[in-house]
Structure formats: C-alpha cells, structure tokens
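Please read the structure below before turning to the comments.
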C-alpha cells in the first residue's frame, strides 16, 4: 500500500448500501430527466444544486458536516472489493454506481450499448443525488474525469480520495474474467472492444486529483482494509457527519 502523504490537489451507522426500493424511487426522476433534456455529457445531479456555504446563514450544521470517501480506479482495479469492507469499517453507507445501474437494468430492462451508456449517466445522477442527502458516504465508481471533478466538488463537502491501482494487464484480465463469471448482463462487458477497454483502464490509472487527501493503494494482492480505514480517520477532513 502506497501512501501519498500530505497530498493535496491545489459513528453514525448507516446501511452499507441504499435499499433497492430507495434506488428505484430515486432513479425514476433521473431517468425521466435524462430523456426529456437535450443530449449532454453533463449529469443531472449536484452540479445543479447550490453549494453549501458557511457564509450562508440558512445552511444548517447538518448540511455542512460530513465528508465523502471517493474510491477511484480503473475497471478491474479492485474498487468494489475494497470499498465494501472500507464502508463497513467506517460505519458509512456505500454508494456504488454498479448497484444503481443494475437496479436500473432490473427495473427498465437490458438493451444495446447506447442504452447501457444512458443507464450509466442516469445511475451517476441517482448516485450523486443520494450522496447529496447523505451526511457522509463511501462513493465508488469508474469516474470520468472530465465531468466527475465538478460533480464531486459540487457536493459541497470535503473529499478524501482512495485510489486503487494495479498493473493495467491485471486490471484487464480481471475485467474480462468478471464479464464471464458474475457481471450483470446489462453491462454488456463481454462485448467491450479490447481497444476501448485499454483506453478506460489507462484513463482510470491516474487519481482524479481532488482538493483533498489522496491515498494510492496497490490492489495487486489483498489490501489491508484496517490500515486504509485508519488512514482515512487520521485525515483532518474526516467527518462522519454525526453531531
């Protein structure tokens, strides 16, 4: 495990993940918004919400407290494998894009790659809207840097990044094995062209570069989740959002 010490770029108990019913209710508005507005690479989510501000006298303490642990990395880098036990250790909910996206598939059906991409955009919209109403959470996804930076910062709370990294060839091998064994068929991972997968992995190999602490974790082998959780708790930005 590699620590990026002092890196800066510039126990309330919760369920480990939102219930399917909550996700279903939340996602319907997001999908509706996706279908009625013009095509755009932006997301319906926190970018359309006002940022909390200590200068705003109407902002409550609960809106100001809390933080988000952002688990980033390439497809197949081991994000979910780390994020789940990390959320348990920190007593925070886990907000996972795949959980939301697979609920969308179950509710609305499986389609072609265009449909899968649309569901991907909608799932991120749902994820960010759930996060915006949650004091603190572990957020896990394959983030697209061109939109993720603004969307995460627009949540208006401190961000602590835990970046999963391993050899790109290993990440690709894991991705392909997962597509054959356990992946929801709606993702269409088995149809992912090799060159596109390589692009996604290369892009995900770099940390997002958020305005906060960064921990780079080698996920080639088993990760010491206790050590990662201890590092998160040691950061000045750590705030579980409790009174």
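Numbering (the UniProt record's numbering), first residue to last: 1 to 243. Ideal Cβ positions, reconstructed from N, Cα and C, are used throughout, including at glycine.
Out of 125, 217, 231, 214, point me to the one whose CA is closest to residue 95's CA.
The residue given as residue 95 occupies position 95 in the chain shown. Answer by Cα proximity: 125.
What's the call for residue 78, buried or exposed, on a 16-neighbour Cβ count within 10 Å?
Mapped onto the chain shown, residue 78 falls at position 78. By the 10 Å Cβ count, residue 78 comes out buried.
Alpha carbon to alpha carbon, how far is residue 153 from residue 225? Give it in angstroms, no decimals.
Taking the first residue of the chain shown as 1, we reach residue 225 at position 225. Taking the first residue of the chain shown as 1, we reach residue 153 at position 153. Their backbone Cα atoms lie some 26 Å apart in a straight line.
Residue 73 by DSSP, collapsed to three states: which one?
Working through the chain shown from its first residue, we reach residue 73 at position 73. Taken through DSSP and simplified to helix, strand or coil, residue 73 comes out as strand.
With 16 other Cβ atoms within 10 Å as the buried cut-off, status of residue 199
Translated into the one-based positions of the chain shown, residue 199 becomes position 199. Of the other Cβ atoms in all chains shown, fewer than 16 fall within 10 Å of the Cβ of residue 199; this residue is therefore exposed.
Locate the alpha helix (DSSP H) running through residue 147, then write down its first and last residues.
Stepping through the chain shown from its first residue, residue 147 is reached at position 147. Element bounds for residue 147: 145-153.
Any heavy atom of the ligand GDP closer than 6 Å to the CB of residue 229?
Annotation note on the ligand GDP: not contained in the displayed structure, which lists no ligands.
Three Cβ pairs or more, each shorter than 8 Å: is that satisfied between the stretch 81-96 and the stretch 121-138?
Verdict: yes, contact present.
Which of the three DSSP states, helix, strand or coil, is assigned to residue 95?
For the purposes of this step, residue 95 is taken as residue 95 along the chain shown, with counting starting at 1. Note: residue 95 maps to strand in three-state DSSP.
7 Å Cβ cutoff met for residue 161 and residue 207:
Reading the chain shown from its first residue, position 161 is the one you call residue 161. Reading the chain shown from its first residue, position 207 is the one you call residue 207. When the beta-carbon positions are compared, residue 161 and residue 207 come within less than 7 Å of each other.
Distance CB(residue 212)-CB(residue 168) smaller than 7 Å:
As a first step, residue 212 must be located in the chain shown, where it is residue number 212. As a first step, residue 168 must be located in the chain shown, where it is residue number 168. Taking a C-beta distance under 7 Å as the contact criterion, residue 212 and residue 168 do not qualify as a contact pair.
Quick check on residue 114: buried or exposed, where buried means 16 or more other Cβ atoms within 10 Å of its Cβ?
Position 114 of the chain shown, counted from the start, is the residue given in the question as residue 114. Here residue 114 is exposed. Its C-beta has fewer than 16 other C-beta atoms within 10 Å.
The beta strand (DSSP E) with residue 159 in it runs from where to where?
Indexing the chain shown from 1 puts residue 159 at position 159. Boundaries of the beta strand (DSSP E) harbouring residue 159: 159-165, taken from the DSSP string.
Helix, strand or coil at residue 88 [DSSP, three-state]:
Your numbering for residue 88 matches position 88 in the chain shown. In this structure, DSSP gives residue 88 a helical state, which the three-state scheme calls helix.
What is the DSSP secondary structure of residue 211, reduced to helix, strand or coil?
The residue labelled residue 211 in the question sits at position 211 within the chain shown. Residue 211 falls in the coil class under three-state DSSP.
Can you tell me whether DSSP reads residue 137 as helix, strand or coil?
Your numbering for residue 137 matches position 137 in the chain shown. DSSP places residue 137 in strand when its eight states are reduced to three.
Can you tell which of 80, 86, 210 has the C-alpha that lies nearest to the C-alpha of residue 142?
Walking along the chain shown from the start, residue 142 turns up at place 142. Across the set 80, 86, 210, the C-alpha of 80 shows the shortest separation from the C-alpha of residue 142.
Proximity winner among 210, 108, 234, relative to residue 148 (alpha-carbon distances)
Start at 1 with the first residue of the chain shown, and residue 148 comes out as number 148. Nearest of 210, 108, 234 to residue 148, Cα basis: 210.
Return the chain-ordered list of same chain residues with a C-beta closer than 6 Å to the C-beta of residue 85, the five sequence neighbours on each side being excluded.
The residue you call residue 85 lines up with position 85 of the chain shown. If we look at residue 85 and ignore the five residues flanking it on each side, its Cβ neighbours are 225.
With DSSP as the reference, identify every bridge partner of residue 68, one or two as the case may be.
What you label residue 68 is simply residue 68 of the chain shown in a count that begins at 1. Per DSSP, the beta bridge partners of residue 68 are 137, 159.
Please identify the residue among 100, 202, 83, 127 whose C-alpha is closest to the C-alpha of residue 151.
By one-based count along the chain shown, residue 151 stands at place 151. Closest option to residue 151, judged by alpha-carbon separation, among 100, 202, 83, 127: 127.
Could you pull the DSSP bridge partners for residue 217 from this structure?
Taking the chain shown and counting its residues from 1, one reaches residue 217 at position 217. Under DSSP, residue 217 forms a beta bridge with 164.
Quick check on DSSP: helix, strand or coil for residue 206?
As a working note, residue 206 is residue 206 in the chain shown. Note: residue 206 maps to coil in three-state DSSP.
Would you mind sorting residue 165 into buried or exposed? The rule is 16 or more other CB atoms within 10 Å of its CB.
For the purposes of this step, residue 165 is taken as residue 165 along the chain shown, with counting starting at 1. Residue 165 should be labelled buried.
Under 7 Å, do residue 82 and residue 229 count as touching if we go by C-beta distance?
Residue mapping note: residue 82 aligns to position 82 of the chain shown, counting from 1. Residue mapping note: residue 229 aligns to position 229 of the chain shown, counting from 1. Not in contact: residue 82 and residue 229 (Cβ atoms no closer than 7 Å).
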